[in-house]
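K.L.:
This is the structure I want to talk about, given as structure tokens.
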Amino acid sequence: MALTLLRGIRTQALFRANAGLFCTTRLSPLARFTTRVESVQTTNPKTAPKSIQQAAKEAAEQKMQGFEAVIGIETHVQLSTITKAFCSCPYDYGSQPNSTVCPTCMGHPGTLPVLNAKVVECAVKLALALNCEISMTSKFDRKQYFYPDLPKGYQISQFDIPIADKGYIDLDLPVEFGGGHRRFGVTRVHMEEDAGKLLHSESGNYSQVDLNRAGVPLLEIVSEPDMRTGIEAAEYGAEVQRLVRYLGVGNGNMQEGSLRCDVNVSVRPIGQSEFGTKVEIKNMNSFNEISRAIDYEISRQIHLHKESQADQIVQETRLWDESSQKTFTMRKKEGLADYRYFPEPDLAEVVLTSEYIDEIRNSLPELPEAKRRRYENMGLSMQDVIFLANDDNVAHFFDSTLEHGADAKLAANWIMGDMTAYLKDEKLSIHESKLTPLELSEMIASIKNGTISGKIAKEIADPGAIGAMVDKVLADNPKQLKQYRAGKTKLQGYFAGQVMKASKGKASPVLLNKILGEKLKGN
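Per UniProt numbering, the very first residue in the sequence shown carries number 1; after that it's consecutive.
Below you can see the structure in the form of structure tokens.
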């Protein structure tokens, strides 16, 4: 097992913050930078229209004009542990501000951190999934910097001896973006704690500090600068998210800040070995935003090079603004010397054993890359492979259907087509579907042997679902229901039509008429 200081049973919090918030002044408005926006046009109006993705890809390639981009990503993964990294406070997203804090995560003098062993376990899991080398002995360090939402004035992180390094991640680019297999290097994985959160007022005159997030465990994954386009970077981020969810170490929700990607972008003339000046981009809440932010920043830097203004590209942190589709200066980027790292004196080294690592390795599930290769060997198209392996729940449903004897291609078609469309319309996830893998396999078998047609298979044959629709139609049409029961029985066709409309034509006519007839009689 991991030889670390372990926290015992969670004790009652010694300190409870009141509902008040701490305040600090807000920074001055962001600087603005304007660049020319080029439109995407086809040279021949008679040619077949291109997809948006293909047009964007070609436009980005045209703008490169003798330059290439060099892109790396720092990904912060918030872990789904019950308590924080170094204290017994829970973290519940959306809780009342400053309601899940204690003297330790608020940085009060005299408090001591105690490492949560679950953080180490999650780190080893993710490091193994990223094909990293695990450090048998690693340590924590203090990263010094001042910011209003960092109560201690430093962050507990790992500097020169992280828990893992020298890994890589394999992925397949979507067919609509040109397809192809990619391998991107992973420099390191290290453990650290999160800072609090600033809540800016609408007026912009002040900011409030919520320390609920302070001390929440993070894993930072630093990639090698192996990516060259916004699409590659976005797909790298998406693959990290898939790994996090497959492993169950976090929910990977970007909207909640549970997965955050900071992108480093530089450009250089093609053939030049030295890197250009890198710029960090923050504030991207989706993978599409990551792709767009990188493409914009590449264009901005190339534009400055061509205008002989390359000296204006400085090492800085810029924010992506989704409304204007531009990046803006936030602050000048600190160097390593500014952080004044030194070993954390209040935490012992993290010492692992081979038995502990092997136990975790043997507990890992089948990961996305292995699943994609297995599906590819079944003869499925790359489009099918990527779709099915994208979500662990979808992959599990597909595999369960195959275990009941279903044909792989037919099962993939049904899951990707009619099932996905239905679940999207009903706002359901696949594990909430009333159709089970066994029922889907039996239905596919019935279609193959000619017992039923594909059209019949697509009908809703759930008596409960049809009955609920009938009840609603009757409740919404009391006048017509009264007329029917007074002898105007031809209105049954009207009611049946309303139910078919509600079901988008998918209700089984035989079952519908049976249920409707019973309900019209008052049964």
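Here a beta-carbon is modelled for each residue, glycine too, at the ideal position from N, C-alpha and C.
1) State whether the stretch 465 to 472 contacts the stretch 503 to 522, with contact taken as three or more CB pairs (one from each stretch) at a distance under 8 Å.
2) Based on the DSSP output, what are the partners of M227 in its beta bridges?
3) Between which residues of its own chain and I134 is the CB-CB distance below 8 Å, once the five residues before and five after are set aside?
4) Using DSSP bridges, identify the partner residues of S157.
5) Name the two residues that bound the continuous alpha helix (DSSP H) containing G467.
6) Could you check the C-alpha separation between R372 and G379 for me, to the nearest Å?
7) At which residues does the beta strand (DSSP E) containing S319 begin and terminate?
8) Would H404 pass as a contact of S441 if the rule is Cβ separation under 8 Å?
9) At which residues does the alpha helix (DSSP H) containing A164 begin and terminate?
10) Got a sec? Which residues, its chain only, sit under 7 Å from residue 524 by beta carbon, not counting five neighbours each side?
11) Check this for me: beta carbons of C132 and G167, under 8 Å apart or not?
12) Going by DSSP, name the residue or residues bridged to T83.
13) Rounded to whole angstroms, what's the CA-CA distance from S266 to I290? Just pull it up for me.
14) What does the Cβ neighbour count give for H190, buried or exposed, with the cut at 16 atoms within 10 Å?
15) Would a C-beta distance cut-off of 8 Å place R213 and Y91 closer than the cut-off?
16) Are S223 and I73 close, meaning C-beta to C-beta below 8 Å?
17) Please state if the CB of D149 and the CB of V209 are separated by a distance shorter than 8 Å.
18) On the DSSP bridge list, what partners appear for I281?
19) Any C-beta of chain D sitting closer than 8 Å to the C-beta of V209?
20) Which one of R331, V350, E256 and D346 has the shortest CA to CA distance from G110?
21) Out of curiosity, what's the CA-to-CA distance linking V279 and Q272?
22) Measuring CA to CA, which of K282, T277, I281 and Y339 is closest to Q309?
23) Taking the C-alpha atoms as reference points, what is the distance between I430 and L438?
24) Between S508 and K521, what straight-line distance do the alpha-carbon atoms span, to the nearest angstrom?
25) Under the assumption that I447 contacts G454 (Cβ atoms under 8 Å), give the Cβ distance between them as a whole number of angstroms.
26) For the beta strand (DSSP E) containing T187, name the first residue and the last one.
27) What residue from T100, P113 and P225 has the CA that sits closest to A69's CA?
28) If you drop the 5 nearest sequence neighbours on each side, which residues of the same chain put their C-beta closer than 8 Å to that of L516?
29) Can you list the alpha helix (DSSP H) stretches of 4 or more residues lying completely in the stretch 374 to 443, in chain order?
30) DSSP three-state label for Q208, please.
31) On the CB-based measure, 16 or more other CB atoms within 10 Å of its CB, does H200 come out buried or exposed?
32) For a test of the three-state rule: what should DSSP assign to V222, helix, strand or coil?
33) What residue range is occupied by the uninterrupted beta strand (DSSP E) comprising R331?
34) Return the CA-CA distance between E518 and G178, expressed in angstroms with no decimal places.
35) When the Cα atoms are used, what is the spatial distance from A234 to W320?
36) From the DSSP secondary-structure annotation, give me the bridge partner or partners of H200.
P.N.:
According to the structure data:
1) With the cut-off at 8 Å, the stretch 465 to 472 and the stretch 503 to 522 touch.
2) Beta-bridge partners assigned by DSSP to M227: I71.
3) Same-chain partners within the cutoff: V124, A127, L128, I163, A164, L352 and I357.
4) Paired residue(s): D141.
5) Under the DSSP assignment, G467 falls in the alpha helix (DSSP H) whose first and last residues are P463 to D476.
6) Just so you know, the alpha carbons of R372 and G379 end up roughly 11 Å apart.
7) The amino acid at residue 319 is misidentified as Ser; the sequence shows Leu. For L319, the enclosing beta strand (DSSP E) has its first and last residue at E316 to D321.
8) A contact, by the Cβ cut-off of 8 Å.
9) Where A164 is concerned, there is no enclosing alpha helix (DSSP H), although the beta strand (DSSP E) it sits in stretches over A164 to D172.
10) Coverage of the chain is limited to positions 1 through 523, which leaves residue 524 absent and any answer about it impossible.
11) In this structure, C132 lies near G167, with their beta-carbon atoms less than 8 Å apart.
12) Bridge partners of T83: P90.
13) Here the alpha carbons of I290 and S266 stand approximately 15 Å from one another.
14) So H190 counts as buried.
15) Result yes, Cβ atoms of R213 and Y91 sit closer than 8 Å.
16) Between S223 and I73, the C-beta gap is smaller than 8 Å, which places the two residues in contact.
17) Yes. Within cutoff.
18) Paired residue(s): V263 and R318.
19) In the structure shown, chain D does not exist; there is a single protein chain.
20) If we check each option's Cα against that of G110, D346 comes out closest.
21) The straight-line gap from Cα to Cα measures roughly 18 Å.
22) Answer by Cα proximity: T277.
23) Rounded to the nearest whole angstrom, the CA to CA distance from I430 to L438 is 14 Å.
24) Between S508 and K521, the C-alpha separation is close to 20 Å.
25) The pair is a contact, with the Cβ atoms about 6 Å apart (cut-off 8 Å).
26) T187 -> beta strand (DSSP E) spans H181 to E193.
27) Closest option to A69, judged by alpha-carbon separation, among T100, P113 and P225: P225.
28) Answer for L516: V470, Q492, F495, A496 and V499, listed in chain order.
29) The stretch 374 to 443 contains, as complete alpha helix (DSSP H) runs of 4+ residues, the segments 382 to 390, 392 to 403, 408 to 414 and 420 to 426 (chain order).
30) It is a strand residue.
31) H200 comes out exposed.
32) In this structure, V222 counts as strand in the three-state DSSP scheme.
33) Counting along the chain, the beta strand (DSSP E) containing R331 begins and ends at K326 to K332.
34) Taking the straight line joining both Cα atoms gives about 56 Å.
35) Near 15 Å, if we compare the C-alpha coordinates of W320 and A234.
36) The partner list for H200 (beta bridge, DSSP) reads S207.
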